[in-house]
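Here's the structure, in structure tokens; my notes come after.
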Amino acid sequence: MSREFDESTVRGRLQKFIYHLGIPVSAFERQCGMSNATVANMRKSLAQDKVENIARNYPQLNVAWLMTGEGEMLNVNPKAEEDAEPQQNTATLPLVPIAAVAGYNGLDEAGVTLAECPQYSVPDFFAVNAEFLIRVSGSSMYPKYSSGDILACRRIREITFLQWGKIYVIDSQQGMMVKRLFEIDGEPDLVLCKSDNENYPPFRLPKEEIRSLSIVVGAIRLE
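Position one of the sequence shown corresponds to residue 91 (the numbering used here), numbered consecutively onward.
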């Protein structure tokens with residue numbers, strides 16, 4: 091399905107190019123060393139250093155088109171295009187080096203910035219708008235997830251809109267943990283956290299203790 095972009099602005103043209111790449115805006119920003127929401131907050135133009143970073147990471151983009159709207163979006167060299175090997179998507183996801191403890195007793199370690207994390211390219215995860223990867227530790231979500239599995243996650247910005255019964259990575263005062271979340275009738279300030287492993291009892295968690303929340307959108311398992 092095609093989308094319309096305001097090609098009279100640098101932001102609109104940049105959004106069109108990112109849509110052409112088929113990756114989330116956040117992945118593009120991370121790849122080019124931009125802070126989160128740089129594209130959304132862009133006003134009239136781009137600083138020269140940002141333009142240079144974009145050109146370095148995406149040489150197929152016609153920078154003149156990006157800045158002025160003149161010419162074609164992509165650099166075209168018929169002979170080079172004919173001889174070249176198909177380009178791989180270079181966008182990556184950070185693997186957060188903090189174990190997501192799939193049990194009640196979690197870790198409460200100091201945070202790290204995503205830019206400091208090891209980066210991995212898993213193209214299928216971009217289709218579901220994954221923003222980072224995290225490794226499971228523990229057995230409370232077995233057999234769905236085993237210790238060592240890598241989960242692809244997308245951050246939830248508004249905690250009032252949750253998909254009940256889905257699996258989330260929860261950063262709370264209890265630490266990092268992986269749980270299914272359920273609504274508790276008559277108690278809007280609490281969520282019910284359940285494990286897939288029946289040996290771990292469910293427990294109630296106050297929403298105010300949740301520091302951040304991410305929904306699991308994919309996983310990698312090594313046999």
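For each residue, glycine too, the CB sits at the ideal point set by N, CA and C.
- Query: Cβ of Ala181 less than 8 angstroms from any chain C Cβ?
  - Reply: In the displayed structure, chain C is absent; only one protein chain is listed.
- Item | Residue range of the alpha helix (DSSP H) that includes Tyr109 | Here residue 109 refers to the residue found at position 19 when the sequence shown is read from its first residue. Residues Val100 to Leu111.
- Beta-carbon separation of Arg66 and Asp239 under 8 angstroms? Lying before the first or after the last residue shown, residue 66 is absent from the chain, which here runs from 91 to 313.
- Message: Could you tell me the alpha carbon to alpha carbon distance between Gly308 and Met267, rounded to whole angstroms?
- Response: As a first step, residue 308 must be located in the sequence shown, where it is residue number 218. As a first step, residue 267 must be located in the sequence shown, where it is residue number 177. Distance between the alpha carbons of Gly308 and Met267 is about 16 angstroms.
- Query: At which residues does the alpha helix (DSSP H) containing Phe118 begin and terminate?
  - Reply: Residue 118 sits at position 28 when you count from the first residue of the sequence shown. Its alpha helix (DSSP H) spans residues Val115 to Gln121.
- Cβ distance (whole Å) where Leu151 is taken to contact Ala145 below 8 angstroms: One-based indexing of the sequence shown puts residue 151 at position 61. One-based indexing of the sequence shown puts residue 145 at position 55. Ala145 and Leu151 do touch by the CB rule: their CB atoms are close to 7 angstroms apart, below 8 angstroms.
- Query: What runs of the beta strand (DSSP E), each 3 residues or longer, lie entirely inside the region 211-298?
  - Reply: 222-227, 240-245, 257-262, 265-273, 280-284 and 293-296, all fully within the region 211-298.
- Query: Count the other CB atoms within 10 Å of the CB of Gly276; is the residue buried (16 or more) or exposed (fewer)?
  - Reply: Position 186 of the sequence shown holds residue 276. Taking all protein chains in view, the Cβ of Gly276 is surrounded by fewer than 16 other Cβ atoms within 10 Å, so the residue is classified as exposed.
- Message: Within a Cβ cutoff of 6 angstroms, which residues of the same chain sit near Glu273, ignoring the five residues on either side of it in sequence?
- Response: As a first step, residue 273 must be located in the sequence shown, where it is residue number 183. The beta carbon of Glu273 lies closer than 6 angstroms to those of Trp254 in the same chain, with the five residues before and after it left out.
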